[in-house]
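Residue numbers (the working numbering): 5 to 146.
Below you can see the structure in the form of structure tokens.
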């Protein structure tokens, strides 16, 4: 099926977070003979993907999510202080805009839907291990 935004036809691909688990585990990013993950190749592949597609992620919220005021920290979900709504862990959607490494620790750069009032002008960083789902949408321009 072709994507046609004018008629409301949109294709989406669903990415399970286990596909990103190796990227989120700093031990796997280290250069070792048995692991072939190269952080520069991972970053280039995701940057290339983001040039033509949009990634929407869903993350679980713990109380430390609100500590991202400076925009410099990487968010990790902490199940010990999960934000609960009617007994369920609260989740939140983010738009992934990039991928990077802080030393050897991988992170997704994102824009928060709460706008400028959140973190550093609405931008933040999250560990790939703290992302529940990723949805990729192709961008089609006429």
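Yeah, the Cβ is synthetic: ideal placement off N, Cα and C, and Gly gets one too.
Taken in chain order, the whole beta strand (DSSP E) runs of length 3 or more contained in the region 40-90 are 57-64. For the 8 Å CB-CB criterion, residue 50 and residue 140 do not form a contact. A distance below 8 Å separates the beta carbons of residue 94 and residue 65.
Excluding five sequence positions before and after residue 117, the CB atoms of its chain that fall closer than 8 Å to its own CB belong to 96, 97, 98, 99, given in chain order. Here residue 88 is exposed: its Cβ has fewer than 16 other Cβ atoms, across all protein chains shown, within 10 Å. Inclusion of residue 134 and residue 46 in the CB contact set at 8 Å is not warranted, their separation being larger than that value.
With distances taken between CA atoms, residue 56 lies nearest to 101 out of 119, 131, 101. Residue pairing for residue 110: DSSP places it in a beta bridge opposite 105. In the three-state scheme derived from DSSP, where H, G and I count as helix and E and B as strand, residue 126 is classed as coil. Of the residues 105, 125, 52, 44, the one whose Cα lies closest to the Cα of residue 142 is 52.
For residue 134, the secondary structure class from DSSP, reduced to helix, strand or coil, is helix.
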